[in-house]
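Take 0 as the starting number for the sequence shown in numbering that gives the first Met the number 0 and just add one per residue.
Below you'll find the structure, written out as structure tokens, and then a few comments.
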Amino acid sequence: MKKPRIVVANWKMNLDVHQASLLTHKLADRIHVYRDVEVVLAPNYLCLQPLSMEIDRRKFRLAAQDGYFIDEGSYTGAVSFSQLRNLVHYAIVGHSERRRYFSESLEIVRDKVTAAVRNGIVPILCVGETREERNLKETRQVLHDQIVSALSDLTGEDVEQMVIAYEPVWAIGGHAPATPEDIEQAVNWLRYQVSELYGEKVENRLRVLYGGSDEPEFVSGIMGVEGVDGLLVGHASLNAEQFADIVEGVHIASLSED
Ligand code: PEP
């Protein structure tokens, strides 16, 4: 059976509860129920509870944008995966903005991936090189280190459920994604790392996304890359028309593979 494609809306630190609810309603009007595409909304923590009561579960699943790796205790301001466990299906972990602005090390990302899995939440692990690392031709080393470290506490059964998003940091937040050739090279390398660690069966089941300036016009090119199972969308996910077009584009690309 073909793996369902996934499109994740990473709303980042945008939208209050009211605005998130309005956008969700607009999306619900525009997005159909697709059997072959899972649409995942990742709002801020505050919006998760109200949205969980509003969404049509045939259309949407929820993701947290982060989570803390200790389940409970005196960690003021933190929200743990154990507190998120009945609210979300997925959690974004290791986003480059967390690595950069919140100093998340490889070890912290590993502990978060492990905590998400321990609490029955599917991690969407973000990996990707900065522009400087790309210029220094360190992309493969960076992806290797990020993947090997993040998965180091997991079994093959854990990893085959997971989602890994290739998000080159230099392509985030603009209007020009990485080229299909760049994406193909990185995704092949990333999949190769997983198959070396856990074997081909796990690598085949794992879903790999691309993220970085996804906009509707680029969807067919990116989804045409072998090994890409969906998209992680930032700024374009805040626009109902654009995001709905992206979801539709992923659905069309999936149909054309049949
Ligand atoms: C992201 O930050 O995960 C992302 C993909 O952002 P954008 O689509 O805005 O590049």
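Ideal Cβ placement from N, Cα and C applies to all residues, glycine included.
> Cβ of Ala235 within 7 Å of any heavy atom in ligand 1?
Replying inline: Distance from the C-beta of Ala235 to the nearest heavy atom of ligand 1 is below 7 Å.
>> I'd like to confirm something about Glu259: is its beta-carbon nearer than 7 Å to some heavy atom of ligand 1, or not?
In response: With the chain covering 0 to 257 only, the question about residue 259 has no answer from this structure.
>> I'd like to know whether the C-beta atoms of Pro215 and Asp181 end up nearer to each other than 8 Å.
In response: In this structure, Pro215 keeps its C-beta atom at 8 Å or more from the C-beta atom of Asp181.
> Taking one C-beta from the segment 198–207 and one from the segment 246–257 each time, how about it: are there three or more such pairs within less than 8 Å?
Replying inline: By the Cβ criterion, the segment 198–207 is not in contact with the segment 246–257, since fewer than three pairs of Cβ atoms, one from each stretch, lie closer than 8 Å.
> Is it the case that the Cβ atoms of Arg57 and His88 are separated by a distance below 8 Å?
Replying inline: By the CB criterion at 8 Å, Arg57 and His88 fall outside the cutoff.
> Does the beta carbon of Asn13 fall short of 7 Å from some heavy atom of ligand 1?
Replying inline: Ligand 1 has no heavy atom closer than 7 Å to the beta-carbon of Asn13.
> Helix, strand or coil: how does DSSP classify Ala175 here?
Replying inline: Correct three-state label for Ala175: coil.
> When burial is assigned at 16 or more other CB atoms within 10 Å of the CB, is Ala175 buried or exposed?
Replying inline: Ala175 should be labelled exposed.
> Would you call Arg190 buried or exposed, if buried means 16 or more other Cβ atoms sit within 10 Å of its Cβ?
Replying inline: Buried is the call here.
> Identify the residues that DSSP records as bridge partners of Ile245: which are they?
Replying inline: Ile245 is not bridged to any residue.
> In the DSSP assignment, what are the bridge partners of Pro122?
Replying inline: The partner list for Pro122 (beta bridge, DSSP) reads Ala90.
>> Between the alpha carbons of Ser219 and Asp144, how many angstroms are there, rounded?
In response: A direct Cα-Cα distance of roughly 30 Å separates Ser219 from Asp144.
> Measuring CB to CB, does Ala63 end up less than 8 Å from Val39?
Replying inline: Ala63 is not a Cβ neighbour of Val39, given a cutoff of 8 Å.
> Can Asp244 be considered in contact with ligand 1, in the sense that its beta carbon sits closer than 7 Å to one or more heavy atoms?
Replying inline: Asp244: no, Cβ never under 7 Å from ligand 1.
>> Is it buried or exposed, Met222, if we count other Cβ atoms within 10 angstroms and call 16 or more buried?
In response: Of the other Cβ atoms in all chains shown, 16 or more fall within 10 Å of the Cβ of Met222; this residue is therefore buried.
> CA-CA distance, Pro179 and Leu86?
Replying inline: If you take the alpha carbons of Pro179 and Leu86, they lie about 35 Å apart.
>> Within 10 Å of its beta-carbon, does Met52 have 16 or more other beta-carbons around it, so buried, or fewer, so exposed?
In response: Exposed, because fewer than 16 other Cβ atoms sit within 10 Å of the Cβ of Met52.
>> Could you pull the DSSP bridge partners for Ile163 from this structure?
In response: According to DSSP, Ile163 bridges with Leu124, Val207.
> What residues match up with Ile5 in a beta bridge as DSSP calls it?
Replying inline: According to DSSP, which records beta bridges pairwise, Ile5 is partnered with Glu37, Gly229.
> What are the start and end residues of the alpha helix (DSSP H) that includes Phe217?
Replying inline: Per DSSP, Phe217 belongs to no alpha helix (DSSP H) and is neither H nor E.
> Quick one: what's Tyr67 bridged to in DSSP?
Replying inline: Its beta-bridge partners are Ser79.
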